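Okay, so here's the structure we're looking at.
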Amino acid sequence: VLRAPPLRPWLSAGMGHAASPAAMPEGKGAFREVLPKQGQLSVEDTAGMVLCKPKVLPLKSVSLEKLEQLQRAAMEKQRQSDVDANVE
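See below:
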């Protein structure tokens, strides 16, 4: 009598849970570990610096520009009052 192979051979018979991976049978679907006899086993990249676009920052802040504008307006007003005082 021929029997079909079990669908999940790694399950223990009658136990209902998976056996350890070492107990899994090796077949066509199993991977075999290959270690070289000489040379490096692995190469890891080291993190390097990555340059990004420079951020454009304003030369003057908004508050400084407003302050300068108020100062110019005050100076202009002072000049106007001086000119008006000289004319009279």
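Here the sequence shown is numbered in UniProt numbering, starting from 1 and rising by one per residue.
Just so you know, even glycine gets a beta-carbon here, dropped at the ideal spot from N, CA and C.
Values in this document were obtained by computation on a predicted structure and should not be read as measured data.
Rounded separation between residue i and residue j - CA only
| i | j | result |
| --- | --- | --- |
| residue 53 | residue 66 | 29 Å |
| residue 50 | residue 32 | 38 Å |
| residue 57 | residue 69 | 20 Å |
| residue 71 | residue 80 | 14 Å |
| residue 64 | residue 73 | 14 Å |
| residue 77 | residue 59 | 27 Å |
| residue 115 | residue 44 | Because the chain in this structure spans residues 1 to 88, residue 115 falls outside the shown range and cannot be described. |
Contacts around residue i, its chain only, beta-carbon distance under 7 Å, and the 5 residues preceding and following it disregarded
| i | result |
| --- | --- |
| residue 85 | none |
| residue 36 | none |
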